[in-house]
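Keeping their order, the protein sequence lines are chains G, B and H. Sequential numbering of the first sequence, starting at 6, is according to the numbering used here. Sequential numbering of the second sequence, starting at 513, is according to the numbering used here. Sequential numbering of the third sequence, starting at 55, is according to the numbering used here. One structure below.
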Amino acid sequence: MSAQPIPHDAAPKAGRTVIETRGLTRRFGGLVSVNNVDLVIAENETLGLIGPNGAGKTTLVNMISGTLAPSEGEVLFEGQVINDVPAFRRAHLGIARTFQVMKPFHGMTVLENVTVGALFGRNGGQKNMADAREKAREWLEFTGLGGKIEINADSLGGPDRKRLEFAKALAMEPRLLLLDEVMAGLNPVEVTEVVELIKKIRGQGRALLIIEHVVAAIRSLSDRIMVLHHGEKIADDDPATVLEDPRVIEAYLGKRRQ
Amino acid sequence: MVLAQILLNGVLLGGLYGLMALGMALVWGVLNIVNLSHGALIMLGGYVTYYLFTLAGIDPFVALPIAMVIMFCFGFALQWGVLNLIVRSKMLNTLLITFGLQVVLTFTAQLLFTADFRTINPTYAGNNFPVGGLTVSVVRLAAFLVAIALASILWFVLNRLPLGRAIRATAQNLTAARLYGVNPRVLYAVTFGIGTALAGAAGGLYGMISNLTPYIGASLTAKSFVIAIIGGLSNPFYVIFGGIFVGIAESLTALYIGPTYTDVISFGLLVVVLVVRPSRAVRAA
Amino acid sequence: MKRFILPAAIVIAVFMAFIPGFASDTMIQFWINALLLATLAQAWNILGGFGGYVSFGNSVFYGLGTYGTGIAMATYHLPFGVGLAIGVVLAVIGAAVVGLPILRLRGPYFAIATLGLNGAMLAIFSNLSIANKNIGLVLPLTRNDTMFYELSLGLLVLCTATVWWVSRSRYGMGLIAIREDEDAAGTMGVNATLYKVTALILASVFTAVAGGIHAYWFTFVDPASAFDSTLNVRMVIMCVFGGPGTVFGPVVGSFVLSAVYEILAAQISTAAALLFGLVIVLAVIFMPRGLADVVGRGRALSWRYFVRNITENRL
C-alpha cells in the first residue's frame, strides 16, 4: 500500500477502543478552534497528531483531558461519554497528559513531583506513601532521571524537564497517554532519546496520542497520523498515505519546505 | 417617591464608589497587584484632605487636587521602595505584603490622627436643592461629578497620551513595555502613584459624605474589589458603572432589610458575581 | 539536625505541661493566650501554608466556636464539653457552606471573598436574639487557669500533630500540589475542591475549639470580641512569619510574636499592632519562606540569603 518503505516499528495489533471523540467542536467567541473532529485510538495504538500552529491540536488534547469543555460533540472513554467528568476523575479513569508548557511543581523535588502522579493516578493511585515513592523511583529510573531524584524540580534543564513530564504522566499508570509536543525545543540527539523513550512505552496496552512537529520522528512512532488544519480533520490514515496526501503537503508540509 | 429618592442617593453614592475602585482596578490590571491596602490609602487621602481643610483652611474641593499630588508621591514611593521588591513573586506574597501595609497604615493613622470620628464639614455641607420633588445634596452631586471627571481624565490619559500607551503596553507584556524606552520600575511606580492619587481623591470625597476613622480601610478594600470585578479592569467608565450598581444595591438594602446589612450586601454581591461568572475568576488567577 | 526536631518538640511539649506548677498567674495567662493564638496560626497553616489559599476569614470559625459554647453554657446551662461540640458543629457547617462556593475561586478572589466574611457574621450575630444581640452573653465563672492552660496546650499539640500528619501524607501531597499548580494537580488526579474544603473544615475544627476554650476562660462573649478581625491579622502574620507550609514554623512564629506583642503592648498597644504589620511586610521581602527556613539553614545562613530573596523577586 505504501509508495515507499518507511521505517516503522510494528506495534501489536490494535484492540479495544480506548478513546473516541464524536463531532468534537470548540469555539472561542467567533473563532472555531476545533471543528467537528472524530478521533479513535485503540489499545496498543499510537496516533500522531500534526498540523500547523493554531490548528487546534492542544485544544483537542485539553478537551480530552478535561481542562476545557467542548462546545459540541462527545468524548468517550472506553465507550462511556465523559463530557461531564471533571479532569481529576478522568485521571482516575486512566487519562494522563504532558503539558506543552512544562509545569513541574516548583516547591517539590523531582521525586516528589512524580510521587504525586503515583499517589493520584489511575483508580486514585497508590494510597500508601512508601509504595507511591517506590513506584515513582521506578519510573524515574525508566525515564533516565534516576540520578537526580533529590534535586529540586526547578533546577532541571530543558530535556530533563521533558523527562520529568513523562515520568509524572507514566507514574499515573494511564490507559491513554497524551503527549503534547514533548520534543519541541530539543536538539537532534535529545529528540532521538525521546523517540527511544516513546518506543519503550508503546504497547503494554496503552493508547498513545502524540502531538509533534518533527515529522521524521512522528512517522517512525505512529500507527496512524491525523492532520488538523484550521480546526478540521483533513487526513487520518497510515503515515505513508497521510504524508503523501497533496492536501496535507499543501496545508502543512509544503509551508515548512519554503 | 421614597424609592426614587433612595435610587438617586444610590446613584450619587455609587459614582464615589466607582472612583474608589478606579485606582484598584488600574493597579490590578496593569501591575497584577491586588492591593489589599487600597482602602487604607483611601482613608489616608481622607485625612490629608481633612487636615488641608481644618489646619490650612483650604476649601475641600480645592484641597482635593493638592491631596492627590501628595498621595501620588506617597504611592510612587511605596511602589518604588517596597512593592517593586516583590513584584515578580507569587500572587500569595503580593496579597500578604499589601495586607501588611494595610495594617501599618491603619495603626499609623491611629497614632497620628487618633481613633476619633472626623468629618470634612465645609459651610455648604448641609446644602441641598429640590429637583422634581427630589432632594439633591450639593456635596453628593459634586462628589459624583468629580468622580465622572476623574474617570474621564483617566480614560484620556490611558487612551490618548504616550504615557497611557506605555502603561497599557505594560499591562500586556513587560518586555514590550521596554520598547517604549520607559524604565519599568519608574512606570510601575507612576502607575501605582496614579492609583493612589485616585484613592486619595475618593478619600477626600468620602470624608465629606461619611465619617473618617483609621479603620475604614478593610471594608473599603473589599468594596473596591467587588466593584472592580463587576466593572472589569479595562475601561474606567465601566468601573464607575460598577460603582453605581453597588451604590444602588446598598441603598435598597438599607431601605428594605436594614442599614446594618449594607456591608453584607457587597459581600453577597461578590459571591453572586463570582459564582455567575466563574470563568473570569479562573482566568485571572 | 532535621531528625532532632521531632524529639526536641516532644520534650518541649512535655516540659510545658509542667509550667503551671511553678509559673506566676500572669505568666500562665500569657501562655493561655499564646497557646490559643498558636493554635489559630497552626490551623490556618493547613489551607494557607500547605494549600496556598490565603484566608482572611478564619476568625469566623473562632466566633462560631465562641458562640456555640457561649449559647450552650449561658442560655441552656449545658456542660462545657457539650458547648465545645456545638461550637465545632457550627464551625464545620459554616466551613462547608462558605467553602463550597468560595473555594471555587482562585487566588485573590478567594482571599477577598474571605475578607468580607467576618463583617458579615458580625452583622448577623449582632442582630440574633439567641446570641443576645450585641449585648453579649455571660458564662458561668470557673477560676482554674491551670485547667485552661492544659486544655490550650493539649489543643495545640493535637493541631500540630495533625499538621505533622498532613506534611507526610497523601493528603498533604495533594494540598501542596494544589498550591504549586492547581490545574496540573487536577489533571494528575487531585480532587482539588474536596481537598480545599476538607482543609478549611479541618482548620475550622481547631479554630472553633480555641474559641470555645477562650469563651469559657474569659466568661464573656459578645459580637465584637467573637468576630474580631484583628485575629485574622494575627494568625496570618504568625504563620507567615514562622514558616507557612512547615510543621513547627507557625508555633515558633506565634510564640516569638506573642512575646514581642506582650512586651510592646505594655507600653503602647497601637505600636504593637503597627509592629505586626511591619513584620509581615519585612518577612515577605526578606524571608518569604519564614523563620523555619532561615533557622533550617543553620550555619550556611549569611546576609546573602536575604539579598537573594530580594533579587529573585524584584522588578
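Even for Gly, the Cβ is constructed at its ideal location relative to N, Cα and C.
query, result
"With a cut-off of 8 Å on the beta carbons, I'd call LEU608 (chain B) and VAL294 (chain H) a contact; round off their distance for me.", "6 Å"
"Which chain G residues are close to ARG224 (chain H), counting only those with a beta carbon under 7 Å from its beta carbon?", "LEU124, LYS132 and MET134"
"Distance, Cα to Cα, PHE668 (chain B) vs GLY344 (chain H)?", "44 Å"
"Less than 8 Å separating the beta-carbons of SER113 (chain H) and PHE281 (chain H)?", "yes"
"Less than 8 Å between the C-beta atoms of PRO572 (chain B) and ILE632 (chain B), yes or no?", "yes"
"Below 6 Å CB to CB, which residues in the same chain sit around MET107 (chain G) once its five sequence neighbours on both sides are set aside?", "ARG166 and GLU170"
"Output needed for ARG138 (chain G): all residues of its chain with C-beta closer than 6 Å, excluding positions within five of it in sequence on either side, in chain order.", "THR120"
"Measure how close the beta-carbons of LEU534 (chain B) and VAL758 (chain B) come, nearest whole angstrom, since I'm counting them as under 8 Å.", "Not really, about 13 Å apart at Cβ, beyond 8 Å."
"Would you list, in chain order, the members of the segment 217-246 of chain H that have their beta-carbon closer than 9 Å to a beta-carbon of chain G?", "ARG222, SER223, ARG224, MET227, GLY228, ILE230, ALA231, ARG233, GLU234, ASP235, ASP237, ALA238, ALA239, GLY240, THR241, MET242, GLY243, VAL244, ASN245 and ALA246"
"Please go through the same chain and pick out, in chain order, the residues whose beta-carbon is closer than 7 Å to the beta-carbon of SER76 (chain G), but skip the five residues on each side of it.", "THR30, ARG31 and ARG32"
"Does the segment 710-727 of chain B come close enough to the segment 546-554 of chain B that 3 or more CB-CB pairs lie under 8 Å?", "yes"
"Give the interface partners of GLN622 (chain B) over in chain H, defined as CB-CB distance under 9 Å, in chain order.", "THR324, ALA327 and LEU328"
"Shorter than 8 Å from the beta carbon of GLY149 (chain G) to some beta carbon of chain H?", "no"
"Just to confirm, are LEU786 (chain B) and TYR163 (chain H) a CB contact at a threshold of 8 Å?", "yes"
"Output the distance between the C-alpha atoms of ILE739 (chain B) and TYR529 (chain B), rounded to the nearest integer angstrom.", "8 Å"
"What residue range is occupied by the uninterrupted alpha helix (DSSP H) comprising SER649 (chain B)?", "Premise fails: SER649 (chain B) lies in the beta strand (DSSP E), 646-649, not in any alpha helix (DSSP H)."
"By how many angstroms is the C-alpha of THR200 (chain H) removed from the C-alpha of TRP85 (chain H)?", "11 Å"
"Between which two residues does the alpha helix (DSSP H) harbouring GLY28 (chain G) extend?", "Counting along the chain, GLY28 (chain G) falls outside any alpha helix (DSSP H), though it belongs to the beta strand (DSSP E) covering 22-33."
"Quick check: the segment 347-362 of chain H against the segment 611-628 of chain B, are at least 3 beta-carbon pairs closer than 8 Å?", "no"
"Looking at the unbroken alpha helix (DSSP H) that takes in ASN67 (chain G), where does it start and where does it end?", "62-70"
"Measure the alpha-carbon distance for ILE385 (chain H) versus THR214 (chain H) and round it to whole angstroms.", "This structure does not reach residue 385 (chain H), given that chain H is present from 55 up to 369, and the question cannot be answered."
"Tell me which residues share the same chain as VAL136 (chain H) and place their Cβ nearer than 8 Å to its Cβ, disregarding the 5 neighbours each side in the sequence.", "ALA126"
"Kindly list the residues whose CB is nearer than 6 Å to the CB of LYS153 (chain G), restricted to its own chain and excluding five residues on each side of it in sequence; keep chain order.", "VAL115"
"Can you give the Cα-Cα distance for THR703 (chain B) and GLU79 (chain G), rounded to whole angstroms?", "47 Å"
"Beta carbon of TYR562 (chain B), beta carbon of GLY719 (chain B): below 8 Å?", "yes"
"Label ALA655 (chain B) either buried or exposed according to how many other C-beta atoms from any shown protein chain fall within 10 Å of its C-beta, with 16 as the threshold for buried.", "buried"
"State the beta-bridge partners of GLN85 (chain G) as determined by DSSP.", "G:PHE82"
"Could you work out which residues of chain H lie near SER746 (chain B), taking near to mean beta carbons separated by less than 9 Å?", "Residues of chain H passing the Cβ test: none, with the nearest at roughly 17 Å."
"Straight-line CA distance for ARG94 (chain G) to GLY35 (chain G)?", "30 Å"
"Starting from the N-terminal side, write out each stretch of the alpha helix (DSSP H) that is 4 residues or longer and does not extend beyond the segment 219-261 of chain H.", "224-234 and 236-241"
"Using 8 Å as the threshold, is the C-beta distance between ALA97 (chain H) and ALA269 (chain H) below it?", "no"
"In angstroms, rounded to a whole number, what distance separates the CA positions of SER312 (chain H) and SER78 (chain H)?", "17 Å"
"Could you spell out the range, first to last residue, of the alpha helix (DSSP H) harbouring PRO304 (chain H)?", "303-321"
"Use the C-beta contact count for ARG652 (chain B): other C-beta atoms within 10 angstroms, 16 or more gives buried, fewer gives exposed.", "buried"
"Secondary structure at ALA568 (chain B), three-state DSSP: helix, strand or coil?", "coil"
"Does GLY612 (chain B) come within less than 8 Å of chain H when only Cβ atoms are used?", "yes"
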